[in-house]
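Asker: Before I ask anything, let me first share the structure, which is written out below as structure tokens.
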Amino acid sequence: MPILNSIAALHEEVTAWRRDLHAHPELQFDVHRTAGIVAEKLKAFGCDDVVTGIGRTGVVGVIHGRASGSGRVIGLRADMDALPLHEITGLPHASTVAGKMHACGHDGHTAMLLGAAKYLAETRNFDGTAIVIFQPAEEGEKGGEAMVKDGLMERFGIQEVYGMHNAPGLPVGQFALRPGPLLAAVDNFTIQIEGKGGHAARPHQAVDTILVTAQIVIAVQSIVSRNIDPLKNAVITIGAFNGGTVGNVIPQTAELRGTVRTHDGAVRDFIEKQLKHVAETVASAYGAKATVVHERVVPVTVNDPAHTPHAADAAALVVGDAGVNRDTMPIMGGEDFSYMLEARPGAFIFIGQGDTAPVHHPAYDFNDEIIPIGVSYWAKLVESRLPA
Ligand code: NI
Numbered sequence: 046m047p048i049l050n051s052i053a054a055l056h057e058e059v060t061a062w063r064r065d066l067h068a069h070p071e072l073q074f075d076v077h078r079t080a081g082i083v084a085e086k087l088k089a090f091g092c093d094d095v096v097t098g099i100g101r102t103g104v105v106g107v108i109h110g111r112a113s114g115s116g117r118v119i120g121l122r123a124d125m126d127a128l129p130l131h132e133i134t135g136l137p138h139a140s141t142v143a144g145k146m147h148a149c150g151h152d153g154h155t156a157m158l159l160g161a162a163k164y165l166a167e168t169r170n171f172d173g174t175a176i177v178i179f180q181p182a183e184e185g186e187k188g189g190e191a192m193v194k195d196g197l198m199e200r201f202g203i204q205e206v207y208g209m210h211n212a213p214g215l216p217v218g219q220f221a222l223r224p225g226p227l228l229a230a231v232d233n234f235t236i237q238i239e240g241k242g243g244h245a246a247r248p249h250q251a252v253d254t255i256l257v258t259a260q261i262v263i264a265v266q267s268i269v270s271r272n273i274d275p276l277k278n279a280v281i282t283i284g285a286f287n288g289g290t291v292g293n294v295i296p297q298t299a300e301l302r303g304t305v306r307t308h309d310g311a312v313r314d315f316i317e318k319q320l321k322h323v324a325e326t327v328a329s330a331y332g333a334k335a336t337v338v339h340e341r342v343v344p345v346t347v348n349d350p351a352h353t354p355h356a357a358d359a360a361a362l363v364v365g366d367a368g369v370n371r372d373t374m375p376i377m378g379g380e381d382f383s384y385m386l387e388a389r390p391g392a393f394i395f396i397g398q399g400d401t402a403p404v405h406h407p408a409y410d411f412n413d414e415i416i417p418i419g420v421s422y423w424a425k426l427v428e429s430r431l432p433a
């Protein structure tokens, strides 16, 4: 594997940064310690500019190449936030904060991009500008959108943007991506059902909210199977059904909560409309009322077909052609890097993390073995997209 000596030499140092971040996880926009460390290191590396507070707690570093004739500007993004889980790894660098842990490897993403920033600021072997982007609140509170809305792309003149996520189950030394939709749009919904409460022995004098809610669950599950083109991807899961307290009372109200995952804007729009229609009309058929609140969390993560090969080629420079799956299966998880890919063309890539616990699991830990591979990917991407 052609890892540059100068990047291999950073392995121990970047691992120490990663483990320190791991021991001190922070959630959503509340990543003050992490963002402070990132900004301090970017300044120490000699970045030409370091800007904090973009998208509330996001940090951006500007690194000019040895030459600037190309006028080209490329954005590289990492996420900084952890998850509200209690870590059970028992590792020496395990979380020191009860109920919070880096269970998605964003500690590793941040450390690898810092490593790349250090290398790029030292070598500057490119023509143009590299912008390193550290975003908060990837886990559901739309930190990516917050940075874009705060003028990230315009302010730094970013022309194309790239992101990377570790992938448990993908062997170390492999990358995977695809042109087009890679991760799903995520929508969450709540359905409030109101029937007519009453005595369990006199259902004819009530409207049975539990029965109506059960019918809505079943009817909603016909949307994907009967209304969506079988060749398109969609998932609707109802993960919470809350109603009633005791066996001999028909409750007045009940509530369903669920999520919708899609890879296509038209399918997404249709499901939002149909979910509301089905819930309302099924409830109405039984004399009850359903109220649907639908929240769009993140859009589809779409890799630009013209830019995906640049990411794949950079990965191949690190791990060889055989190490890059250029047509991986899309997945139904979501990513708020999608907001950056809506603003500028670019690509998101998965880096193999080997056979570890899955992300969002309390036994998960980022695999430090992949640090030189990830740092090299960022370095090669900049040097190949902005050749000196
Ligand atoms: Ni993640």
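So the sequence shown is numbered by our numbering: it starts at 46 and just counts up by one.
For glycine and all other residues, C-beta sits at the position ideal for the given N, C-alpha and C.
From the DSSP output, in three-state form, read off G303 for me.
Answerer: Residue mapping note: residue 303 aligns to position 258 of the sequence shown, counting from 1. Three-state DSSP puts G303 in a strand.
Asker: Evaluate M374 with the Cβ neighbour count: other Cβ atoms within 10 Å of its Cβ, from every protein chain shown; 16 or more gives buried, anything less gives exposed.
Answerer: By one-based count along the sequence shown, residue 374 stands at place 329. When all chains shown are included, M374 counts as exposed.
Asker: Look at the alpha carbon of E132 and the alpha carbon of D93, and state the distance between them as a whole number of angstroms.
Answerer: Stepping through the sequence shown from its first residue, residue 132 is reached at position 87. Stepping through the sequence shown from its first residue, residue 93 is reached at position 48. C-alpha separation (whole angstroms): 38 Å.
Asker: For M209, which residues does DSSP report across the bridge?
Answerer: Residue mapping note: residue 209 aligns to position 164 of the sequence shown, counting from 1. Answer by DSSP bridge pairing, in chain order: I394.
Asker: Out of curiosity, what's the CA-to-CA distance linking Q260 and I238?
Answerer: Residue 260 sits at position 215 when you count from the first residue of the sequence shown. Residue 238 sits at position 193 when you count from the first residue of the sequence shown. Approximately 11 Å between the Cα atoms of the pair.
Asker: Quick one: any contact between the region 70–77 and the region 125–143, if contact means 3 or more CB pairs under 8 Å?
Answerer: Flag = yes, the region 70–77 and the region 125–143 touch.
Asker: Please tell me whether G116 and G173 are closer than 8 Å, where the distance is taken between their beta carbons.
Answerer: One-based indexing of the sequence shown puts residue 116 at position 71. One-based indexing of the sequence shown puts residue 173 at position 128. In contact: G116 and G173 (Cβ atoms closer than 8 Å).
Asker: Would you call the region 388–408 and the region 209–228 touching, i.e. three or more CB-CB distances under 8 Å?
Answerer: Flag = yes, the region 388–408 and the region 209–228 touch.
Asker: Can you list, in chain order, the stretches of the alpha helix (DSSP H) that have 4 or more residues and sit fully within the region 106–162?
Answerer: Counting whole runs of 4 or more residues, the region 106–162 contains no alpha helix (DSSP H) stretch at all.
Asker: Spatial neighbours of L128 within its chain, please: CB distance less than 8 Å, with the 5 preceding and 5 following residues excluded, ordered by chain position.
Answerer: Here residue 128 corresponds to residue number 83 of the sequence shown, with the count starting at 1. The residues are P70, L72, K145, M146, H147, A148, C149, E184 and H405.
Asker: State the start and end residues of the unbroken beta strand (DSSP E) segment that holds F234.
Answerer: The residue labelled residue 234 in the question sits at position 189 within the sequence shown. Looking at the DSSP string, the run of the beta strand (DSSP E) that includes F234 is A230 to E239.
Asker: DSSP on R341, reduced to helix/strand/coil?
Answerer: Counting from 1 along the sequence shown, the entry for residue 341 is found at position 296. Correct three-state label for R341: strand.
Asker: With DSSP as the reference, please indicate the residues paired to V252 in a beta bridge.
Answerer: Taking the first residue of the sequence shown as position 1, residue 252 is located at position 207. Its beta-bridge partners are K241.
Asker: Residues in its own chain within less than 7 Å of T134 by CB, not counting five upstream and five downstream?
Answerer: Your numbering for residue 134 matches position 89 in the sequence shown. Excluding sequence neighbours, T134 sits near A408 and D410.
Asker: Hey, is E439 close to ligand 1, as in C-beta under 7 Å from one of its heavy atoms?
Answerer: This structure leaves residue 439 out entirely; the chain is present only between 46 and 433.
Asker: Assess contact between the region 251–269 and the region 316–326, defined as three or more Cβ pairs (one per stretch) separated by less than 8 Å. Is contact present?
Answerer: Short answer: they touch.
Asker: Have a look at N278 and P350 and give me their C-alpha separation to the nearest angstrom.
Answerer: Here residue 278 is taken as the residue at index 233 of the sequence shown, counted from 1. Here residue 350 is taken as the residue at index 305 of the sequence shown, counted from 1. Answer to the nearest angstrom: the Cα atoms are 19 Å apart.
Asker: When you measure from the CB of H210 to every non-hydrogen atom of ligand 1, does any distance come out below 7 Å?
Answerer: On the sequence shown, position 165 is the one that residue 210 refers to. It does: the Cβ of H210 is within 7 Å (strictly closer) of some heavy atom of ligand 1.
Asker: By a C-beta neighbour count over all protein chains shown, 10 Å radius and 16 as the cutoff for buried, is A191 buried or exposed?
Answerer: Along the sequence shown, one-based indexing puts residue 191 at 146. It is buried - the Cβ of A191 has at least 16 other Cβ atoms within 10 Å.
Asker: Rounded to a whole number of angstroms, what is the C-alpha to C-alpha distance between V337 and T254?
Answerer: The residue given as residue 337 occupies position 292 in the sequence shown. The residue given as residue 254 occupies position 209 in the sequence shown. C-alpha separation (whole angstroms): 15 Å.
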